[in-house]
Every structure is written in C-alpha cells, then in structure tokens.
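Scroll down for the structure; my scribbles are underneath it.
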Amino acid sequence: MALVTARTFAKSNVRPPAVAGTFYPGERAELEASVRQYLERAKTEIGVSDGPPPKAVIAPHAGYVYSGLTAAAAYNALAPAGSIIRRVVLLGPCHRVAVRGLALPSADSFATPLGNVPVDQGLARKILALPQVSVFDDTHKDDHALEVHLPFLQVVLEQFSIVPLIVGQATSEEVMEVMEALWGGPETLILISSDLSHYLPYADAQKSDDAARQAIERLDGLGLGDEAACGRHSIRPLLSLARQKGMQVQTLDVRNSGDTAGTKDKVVGYGSWLFREGGARKETEDAFGGQTRAMLDAHGSSLLKLGAASILNHLGGQKQMRLEMKDFPEPLHDNGACFVTLNKDGNLRGCIGSIQAHRPLITDAAENAGRAAFRDPRFKPLAAEELSQHDITMHISVLSPQVPMNFSSEADLVSQLRPGLDGVVLQDQDKRGVFLPVVWEQLPEPQEFFTHLKRKAGLPDDHWSATVQAWRYVTEGVSSEEMDNADEFWTPS
C-alpha cells in the first residue's frame, strides 16, 4: 500500500463503482428506478421537511434495502436546491484500509451506473496544503461509505462535483479545519456519511441510537459516544461548527435494520439529519419554549418532588438516591440540563446546575437538588431543622441549548443582551461564569449584568480580550410555590 503525497492528480483516472450490484442495483435503469422509489416512499412514510435547503446532512451508507429509506428522507430535502448545489463535500469513515488524517483519491471522477461524477480537483489541491490531508487510493478503492450516496445525488441534483474524503484517525480540530476550508456558500453541501450503532440486539440499538439522536439535536459532540456512530470523527466536528455558527438541526428519521430488511438479534442503526444556517436562534428558542413549557406543565410537579426526595434522602442518611426510570414519566427520560435553586424565607439558600444536557433530566434534577442543598460552597449544608423552621422553596430551571454569540467588542456583546430573557455563559481561557435569566431581577441593566458576570468568572471588571467567548440560552421553570399543597412540599411521600 503506497501513500501518495504528490500534489497533482492523474488525468482521466476514474474510480469505478465498488458496490454496484450489491449495495444498490448495478444496472442504470434499475438503479434510477430504485432511487426514485425510495424518494417517493420517504415522502409518504417519513414526510418532506419544510424550510430552506440544508447546508449539511448526515445520512446512512448501508445497502439500500436496509437504509435507503432513511437516506432518501435527507435527499428529498435537497431537491428544491437541485440547481443551486454545485459541490458536495463528502466525509465518511474508512471500512477497508485505515488511514491517518483525511484521505483524497487521485481519481478525477467517481463512476456509478448513472454516470461519472467529477472530483473538484481545484478544491482538492487547496486542502492538500493542510498537513492532515493526503492522497491515499487504497482506502477509497473498495469502500462504500461515499459511493452509496452518489446515485441519490445524481437524481436530485442537476450538475455537481464532489470533494470525497475518507476520515481516519483525525482530531475534531483537524476535521473542522478541513470543513471550514471547504464550507463555501449555498452552492456547497457538507454530507456526513454515517450509520449509528452496530450489531446490538434490537432494544439495545434503539436505546443507543436514541442517545445519539439526542446528542446530535443538542449539537453535543462530547455526548456522542465512541460506539454511537461509525462516522463520529466527522459528526463531532460538524456539531461543533453547527454550534459555533448558530445552525438549526432537524431529525428526519431514526430506525435500524430490524425495521427494514434484517433480523432483530443483531442490528445496525441508521439516522438522517439536516443542518440549516440562519434563523436558528429564534426557531430553536420557540421550539424549546413550547415543548419544555408543555412538559413542565404536565410533569413539573414530578420533577420538583424528585428534587425534594433527593434532599430528604440525604438528610435521612443515604448519600445517593437510586432512580428507576420506569417510575417517572417518559418525557423526563430525555437528556436535559437544569439548575436547582433553593430559597430560604425569600433569600438564596443554594443554587447548582448543569449548563449542557449530558444525562436524563430526572438524574440531572435529583443530583443538582442534592448539590444545591449540601454542596454550594457559598452556604453551609442544609440542616433538617431548616425545613421545619423556615420557608424553603425550590425552583427548577430547564435550560435550552446554548447559542454562540458573535461580537466585535464588549460594547457589541452587551448591546445584544436581552434583559429578562437571556441566560449567559461567559468564558475566557480557563475562566468561566454563568448567569441564569433570573439574575436580571437583581441586575436589570445590561452593562451591570455583564460586569457582575465577569466577576463571577473570576475576571476583573475592566477585563476584555480577543479570546472572550459567550453563549446565550433561555429557560423554562417550575416552582414549588406554584404547586397544590405547597405547604406539604417537604413532607416525605
């Protein structure tokens, strides 16, 4: 196996199809009919996504009988931009020959039974200037991860070229650098090729794939486990970029081979997602607000009682509370981030929380309630007699996903703050501070709010640097004061 590092590409070098006739039909007419059939089925069985065409897509790469329907849901979303998208950056994992970094082929086109797709050699040469990118034909030769997407693209797009990249052992930073170099405008689509869990029993696969779905919807690369998706080395950097750029993500479909053409003893998971630029913050906030408000209206009392039980459990001598998921409403099983605030006679008594969702909301609420009561360094641990001698109330705030703020100066950042609405995370190097939206009640002026946030982060009042970062979020909350029989809140059930 020779690693090619030359900065030129062979002329008239066509990469032939490796899996035509196995992963998808090998004859032109049959292949085109098959692709169109999956596209039509996806419209009926999954639906067609509203909204503008996506900037990036995650789609599976198994044989069409297994994952064709899930992939087709993503490709239907591209059809309205069929004449706009002229370039597709394909990133997929290696299945055959391992590679360090990201590998281009020397070929100037990829062949399928529907014809040849040209490689954008100008852009390929551009990214070859990056040390993590090389030309390595061996890893492309028999791999299916990129090839299986081409027939769908050939049907839904009018005329396009590709930048085909096999992603091997590469850091998220290395892959992000390549993605950003190729990002372009509306003429460029970023396509991540990935399946989800591999060879788990059906029920275990569903659980793993749902956790992956939640991580992707949160734009949480760290929350995507090492066994969650074979294309994780491309998905994680895409999620980081999507978070930085304020993109909106939409889940189209998640299923596994046990739902399509396979048995249920060992299955492979599949999912498809769209990522859109622009307008994400308002739409994300509206969706979060409506869904979370409805969830708290229905199940907020259960969440509060769980927080109280966690504290009472600790006061009773048990340091950790055992949670059975089946004992709680299903909407509370999803990963969520929350802050738990305790007030004593109207004054703060403890406040601890999570700024990013990384575990089930019920677990987060129970843990943070205990920490607010006993581990907030600003206060002594809560004593049992305080519950009987004082008015102790609990408020739980559920946080939306964070949206990065873009600003050119401190004045610009402060001018973007929305009093009474924004929670803010401020970070510079290893210093970080977080304010919940409720802080606006004490600090209603944006500059005063921001100055105190810098103090909380351990930064001087006049601090500013080029490395300052900030994210905003919104919250929906529920309070023990609003419950029926609030005076019995601390009575063990």
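With the sequence shown counted from 1, adding 1342 to any position gets you this note's numbering.
Think of the CB as a built atom: it goes at the ideal place given N, C-alpha and C, for glycine as much as any other residue.
Here the structure is a predicted model, which means the values were calculated and not measured.
What's the gap between the Cα of residue i and the Cα of residue j?
i	j	result
I1400	D1804	43 Å
K1397	I1577	14 Å
S1822	H1737	6 Å
L1785	D1607	58 Å
I1558	Q1660	36 Å
L1580	A1419	19 Å
D1770	P1802	12 Å
E1824	Q1496	57 Å
P1402	V1591	16 Å
S1730	L1690	17 Å
F1792	L1446	47 Å
V1767	G1389	37 Å
S1652	D1829	18 Å
G1434	L1488	6 Å
Q1698	G1800	21 Å
V1745	G1588	6 Å
K1468	K1483	22 Å
F1617	R1760	26 Å
Q1586	A1554	20 Å
R1442	G1567	21 Å
G1688	I1734	8 Å
R1574	A1679	23 Å
R1370	V1439	29 Å
K1647	V1780	22 Å
R1428	L1795	45 Å
D1392	I1534	21 Å
S1536	Q1556	16 Å
H1437	A1414	22 Å
L1456	P1367	11 Å
Q1501	Q1789	51 Å
R1797	E1787	16 Å
Taking residue i as part of the alpha helix (DSSP H), name the residues at either end of that continuous run.
i	result
D1552	1544–1559
E1818	Element bounds for E1818: not the alpha helix (DSSP H) but the beta strand (DSSP E), 1817–1821.
Q1731	1726–1731
R1378	1370–1387
P1786	No alpha helix (DSSP H) contains P1786, which DSSP labels as neither H nor E.
P1579	1574–1586
For the beta strand (DSSP E) containing residue i, name the first residue and the last one.
i	result
H1737	1734–1741
N1418	Premise fails: N1418 lies in the alpha helix (DSSP H), 1406–1420, not in any beta strand (DSSP E).
E1505	The residue asked about is misnamed: residue 1505 is Val in this sequence, not Glu. From DSSP, the beta strand (DSSP E) with V1505 extends over 1503–1509.
S1476	1475–1477
K1330	In the structure as shown, the chain begins at 1343 and stops at 1835. Residue 1330 is therefore absent and cannot be evaluated.
V1497	Premise fails: V1497 lies in the alpha helix (DSSP H), 1492–1498, not in any beta strand (DSSP E).
S1451	1451–1454
By Cβ distance, which residues of its chain are closer than 7 Å to residue i, with the 5 residues on each side in sequence left out?
i	result
L1665	I1704, T1705, A1708
A1650	M1736, F1831, W1832
D1718	G1692, C1693, I1694
Ignore the nearest five residues each way along the sequence and tell me which others in residue i's own chain have a CB closer than 6 Å to its CB.
i	result
A1603	V1407, Y1408
E1423	The question names Glu, yet the displayed sequence has Ala at residue 1423. Only P1395 meet the Cβ criterion.
G1563	R1578, L1581, S1582
G1642	V1820
G1405	F1365
Y1815	L1741, S1742, Q1744, G1765
E1619	K1397, M1589
P1528	I1426
L1645	A1707, I1738
L1657	A1726
Can you give the beta carbon distance from residue i to residue j, rounded, assuming they're within the 8 Å contact cut?
i	j	result
Y1417	L1538	About 18 Å; that fails the 8 Å criterion.
W1813	M1747	6 Å
V1740	T1817	6 Å
R1493	V1356	First, the amino acid is wrong: residue 1493 is Pro here, not Arg. Going by Cβ atoms, the distance from P1493 to V1356 rounds to 16 Å, so no, they are not a contact pair.
V1505	D1462	5 Å
N1655	V1682	Going by Cβ atoms, the distance from N1655 to V1682 rounds to 14 Å, so no, they are not a contact pair.
L1432	L1507	6 Å
I1694	R1720	Actually they do not touch by this definition, with Cβ atoms about 10 Å apart.
Ignore the nearest five residues each way along the sequence and tell me which others in residue i's own chain have a CB closer than 8 Å to its CB.
i	result
A1640	P1671, P1673
H1540	E1569, C1572, V1610, G1611
T1454	P1359, A1362, L1373, E1489, L1492, P1493, Q1496
P1460	D1450, S1451, S1503, I1504
S1751	W1806
A1584	A1398, L1561, V1591, F1617
Based on the DSSP output, what are the partners of residue i in its beta bridges?
i	result
G1613	V1596
R1814	V1745, V1766
Y1366	A1362
C1693	T1683
T1530	R1429
R1442	Q1511
N1677	P1702
I1400	I1534, W1615
R1357	F1452
Using a Cβ-Cβ distance cut-off of 8 Å, determine whether residue i contacts chain B.
i	result
V1459	No chain B appears in the structure shown, which is made up of a single protein chain.
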